[in-house]
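Data block below; observations after.
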Amino acid sequence: MASTTSAPSEASKPFDIVATYNELLRSDPDLTMPIAAIEALVLLLTHSPSSTISETLDLLEKSTTHLKKSIPNPIGLSAGTDLFQRYLITTLQRPGQLGPAGDFNAIRAHLLSNGRLFIRRAKESRDKIAAFGRGFIRDGSTVLTNGGSRVVASLLQKAADEKGGPFAVRFRVIYVLSPAKDSSAEPEGMETVRALREKGVPVATVPESAVAYALGKADIVIVGAEGVVENGGIVSRMGTYQIGLLAKAMSKPFYVVAESHKFVRLYPLGQYDLPIEQRVIDFDTEEDITDGAKSQSVAHSSDVVDFTPPHLISALITDSGVLTPSAVSEELIKIWF
Amino acid sequence: MANSVDSAQTSSPSVPTSAPATQQSTDMSSQPPSQPSSTGASKPAKQPKQPKANAPAAGPGEEKLTGAELKKKAKAEKVARRAREKAERETTGGAGAGPANPTSAKKGVAGAGAGGKDVPGQQAQKGQKHRRGSNSQPSATEQKKKQEDKSVAVFGHLYGQPRRTTIAGAGKEVHPAVLALGLQMRDYVVCGSSARCVATLLAFKRVIEAYTTPLGTSLSRHLTTHLSHQITYLSTCRPLSITQGNAIRALKLAIASIDPSVPEASAKATLSDFIDSFIREKITVADQVIAASAAQKVQDGDVIVTFAGSSIVKQTLLTAYKQGKKFRVSIIDSRPLFEGKNLARTLANAGLEVQYSLVNGISHAIKDATKVFLGAHAMTSNGRLYSRVGTALVAMSAKERAGGVEVPVIVCCETVKFTDRVALDSIVVNEIADADELVPSEPQQQVTGLFDPVAAAAAAQPDPKKGNSKTAAASAPADTTPAPDASPLSNWKDTANLQLLNIMYDVTPAEYVDMVVTEMGSLPPSAVPIVHRMSTNL
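If you read the sequences in order, they're chains B and P.
With the numbering used here as the guide, the letters of the first sequence map in order to residues 1 to 337.
With the numbering used here as the guide, the letters of the second sequence map in order to residues 1001 to 1538.
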């Protein structure tokens, strides 16, 4: 199941973690990468016949590395798998019925139920974030955002939903859209734009090249993130870094909205220190006409990511509160130790 | 920064060990300048070290002279008199303190007024006036007059007692191993905060092994006081490092938590196990973990800049090299300890490509740098790095590089080096080493220095451009020094208006540090207090 070369006992059950993961992501558009990874691992444990702790951990380890290898950008995903693994180990180390001395079947049942609970909670975290973040959208303000982040979308929609109440705000949105992969499809984020317009929020869509031009009209910038790294920076879709730089230059507050399960134990020192291979900058001496498919696969902004360093970020709005970038490492240490 | 014990001890040819050796000889004869407040005792330049009890009493003595203080002062003066008599008996070994130097003595009068910014110093002089007047002997007057305050005013609070130079006067409770260690630390034979911490713990292990509880007390009560004697002795040799403080605190806690009913032998075994595991967990294994994770940040083609000689940075670079990474190392070093020489040799012997330069060439060395790795003496709770003086300059050069891409600055630091103290600048908390360390100059390989400057200039006449510059360089030191081989600063203590500052550490702002690699993971500097709290509460 983990890989074709692994133990023969696993081969008896054809559970493909990569396919499961992709299927989960496809079937539920609200699902984030780390949660999909955790769900896939929970499913893996349900299917696996493992009966000892070390066997379970070993299986988990193997499947995780396999999954990470077969996904082009495993940063977001690794937040989920690391968290699950950490959770598993701490549960197993705890003394008592569910500790190493206890009955393994009980442990497994406990793990599975808790894993599901975790997934449910993670899905609920978006509402929590929206509750925290709503205060940042003031009446009469203009918000600049980008990408297809579901958390940002839910936050903006939540703010728009408050009609006539004491917290009702009127705000406008500048949505930075990047062109879709193939020209026929609509760009990512168009759905949110439509939903917001339906709720009566005036939305302007601008191309990525117009960010600097449009930023003068915006009051705050809100972006989503694929992963929040240890120093408080974010790994996010390509183009976020430049928005952050421009917001800093124009001294507009730059907020990041992310669930706390997106916190990754990763410490990039710069753009080129991410643990993934990205072929964004590709030097060539001649135009490549023949290989049309290749040029399309390279450097599409919804596939590739960049790193926004912490000094550009005003605050991170997460389900465990509004954090400064430096508080992220504190949260991560709390999880890991 | 951390020269490990083993490498530091094998460093016989390098300067760090030889510099203290020369300085030791001068210390024996001439009193270090750093005693502004000692009353009558500080008049003669030649005088052995004062009894320890004298110094703390002298501070308040100037403010209000109560009966007890006067008594103490009289006592101090008596000691001084005796010392002077002794010094006069053996006037032969005058190291640089030329009493028959009329110009320096004359200047000394003005210098005493100008340099005496310290109020206690001036008051001390007032107190001596009557003695000065009565004493008509010329050499003695001159010696008194040139008692210029040689401590740099801004750092005046840091001049404590001068470092201990002998084991004479150490209490009988002090274990021989600790006696030896104290002198080794004083001479920088054991240097670097990790090495000092390990060496201290190992010495204390021997202290505990040799310890027997006296009758009428229990081990957990008495051993702490017994250790305090050792600690006091060590701190007179060189101020304790943060790591030593942390380790001692942990050890004392372990001693205090021993049940008094536990038999002595097993209690001692427990403690020596504790020390072993402390060294292993907090330093040995921690270093391996840090080296492994910091080495991951080294990439092919990197040019890594490091400052002075940190053992953990050395380990990191060697680990990265063993992983087959191709990178260059540029070592920045500084006077007077030259800790980077050892590092350069070790890395070069291992096969790495090493460039060595002094800190005054930092702007060139930083030009092609891609990463900066730094060791630490301590990390403070506001995320600042407290390390060998010059570190802040290197970090700043990397971060503020004009027009260049930012170079990440990575600090490798065990969590035992974290402290809950806060450092806003490098003035409030620092360590001042003996300024004499700055004096010795490198043996000059100067061809023109051998000749008379006039003759050399005449000889160089055919090629005026080249010759002039060379002779100028040669004659400049010749003007100021009596002997051609001696350093121009060799009699700095007798030179008016001249103060030497040999500061040991500086503080790097947290903004200049991108990442702190510890055994508990990589952190931003802002996370230091959290990790410190966790690692001490565990």
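The C-beta atom is built at its ideal place from N, Cα and C for all residues, glycine as well.
{"Item": "Integer-rounded CB distance, given that serine 236 (chain B) should sit under 8 Å from valine 223 (chain B)", "Value": "6 Å"}
{"Item": "Same chain only: Cβ atoms within 8 Å of glutamate 1264 (chain P), ignoring 5 sequence neighbours per side", "Value": "Thr1212, Thr1213 and Leu1219"}
{"Item": "Cβ separation of cysteine 1191 (chain P) and threonine 1316 (chain P), assumed to be a contact under 8 Å, to the nearest whole Å", "Value": "No, cysteine 1191 (chain P) and threonine 1316 (chain P) are not in contact; Cβ-Cβ is about 19 Å, not under 8 Å."}
{"Item": "Alanine 1267 (chain P) to leucine 1223 (chain P) span [Cα, whole Å]", "Value": "11 Å"}
{"Item": "One or two residues paired with glutamine 1355 (chain P) in a DSSP bridge", "Value": "P:Ser1330"}
{"Item": "Three-state class that DSSP yields for threonine 90 (chain B) in the structure shown", "Value": "helix"}
{"Item": "Short CB-CB distance (under 8 Å) between isoleucine 333 (chain B) and chain P", "Value": "yes"}
{"Item": "Under 8 Å from the C-beta of glutamate 230 (chain B): neighbouring residues of chain P", "Value": "Gly1521, Ser1522, Leu1523 and Pro1524"}
{"Item": "As assigned by DSSP and simplified to three states, the class of leucine 1343 (chain P)", "Value": "helix"}
{"Item": "8 Å contact criterion, which valine 1409 (chain P) and valine 1513 (chain P) should meet: CB distance rounded", "Value": "5 Å"}
{"Item": "C-beta neighbour in chain P for glycine 270 (chain B), strict 8 Å", "Value": "yes"}
{"Item": "Start-to-end residues for the alpha helix (DSSP H) that takes in lysine 1367 (chain P)", "Value": "No alpha helix (DSSP H) holds lysine 1367 (chain P); DSSP gives it neither H nor E."}
{"Item": "Beta-bridge partners of asparagine 146 (chain B), as assigned by DSSP", "Value": "B:Val176"}
{"Item": "Contact with chain B by methionine 1396 (chain P), beta-carbon distance below 8 Å", "Value": "no"}
{"Item": "Within chain P, the residues that glutamate 330 (chain B) reaches when beta carbons sit closer than 8 Å", "Value": "Ala1527 and Ile1530"}
{"Item": "Burial state of histidine 1377 (chain P) (16 or more Cβ within 10 Å)", "Value": "buried"}
{"Item": "Beta-carbon proximity check, valine 1178 (chain P) vs alanine 1210 (chain P), cutoff 8 Å", "Value": "no"}
{"Item": "Backbone CA spacing between lysine 69 (chain B) and glutamate 226 (chain B) [nearest angstrom]", "Value": "18 Å"}
{"Item": "CB-CB length for valine 203 (chain B) against tyrosine 175 (chain B), believed under 8 Å", "Value": "6 Å"}
{"Item": "C-beta neighbour in chain B for methionine 1379 (chain P), strict 8 Å", "Value": "no"}
{"Item": "Within-8 Å CB hit, aspartate 1514 (chain P) to chain B", "Value": "yes"}
{"Item": "Whole-angstrom distance between glutamate 1437 (chain P) and lysine 1371 (chain P), CA atom to CA atom", "Value": "31 Å"}
{"Item": "Reference arginine 1238 (chain P); option with closest CA among P:Arg1345, P:Met1504 and P:Ala1320", "Value": "P:Met1504"}
{"Item": "Whether valine 143 (chain B) touches isoleucine 234 (chain B) by CB criterion (8 Å)", "Value": "no"}
{"Item": "Beta-bridge partners of methionine 1379 (chain P), as assigned by DSSP", "Value": "P:Leu1385 and P:Phe1418"}
{"Item": "Cβ pair alanine 1527 (chain P), isoleucine 335 (chain B) closer than 8 Å", "Value": "no"}
{"Item": "Leucine 67 (chain B) beta carbon less than 8 Å from that of valine 18 (chain B)", "Value": "yes"}
{"Item": "According to DSSP, residues forming a beta bridge with tyrosine 351 (chain B)", "Value": "Past the boundaries of the shown model lies residue 351 (chain B); chain B is included only from 1 to 337, so the question cannot be answered."}
{"Item": "Integer-rounded CB distance, given that threonine 1346 (chain P) should sit under 8 Å from leucine 1374 (chain P)", "Value": "At roughly 17 Å, the Cβ-Cβ gap does not stay under 8 Å, so leucine 1374 (chain P) and threonine 1346 (chain P) are not in contact."}
{"Item": "For phenylalanine 1274 (chain P), the nearest candidate out of P:Glu1400, P:Gln1230 and P:Leu1253 (CA to CA)", "Value": "P:Leu1253"}
{"Item": "Proximity winner among B:Lys252, B:Ala247, B:Asp306 and B:Gln278, relative to threonine 269 (chain B) (alpha-carbon distances)", "Value": "Correcting the residue identity first, residue 269 (chain B) is leucine in this sequence and not threonine. Looking at the Cα atoms, B:Asp306 is the closest of the given residues."}
{"Item": "Cβ neighbours of threonine 1518 (chain P) in the same chain (closer than 7 Å, five flanking residues each side left out)", "Value": "Ile1290, Cys1413, Glu1414, Thr1415 and Val1531"}
{"Item": "Distance between glutamate 1077 (chain P) and valine 1174 (chain P) (C-alpha atoms, nearest Å)", "Value": "29 Å"}
{"Item": "Three-state secondary structure assigned by DSSP to valine 211 (chain B)", "Value": "helix"}
{"Item": "Under 7 Å from the C-beta of tyrosine 267 (chain B): neighbouring residues of chain P", "Value": "Met1515 and Ser1522"}
{"Item": "CB contact check: lysine 1297 (chain P) to chain B, cutoff 8 Å", "Value": "yes"}
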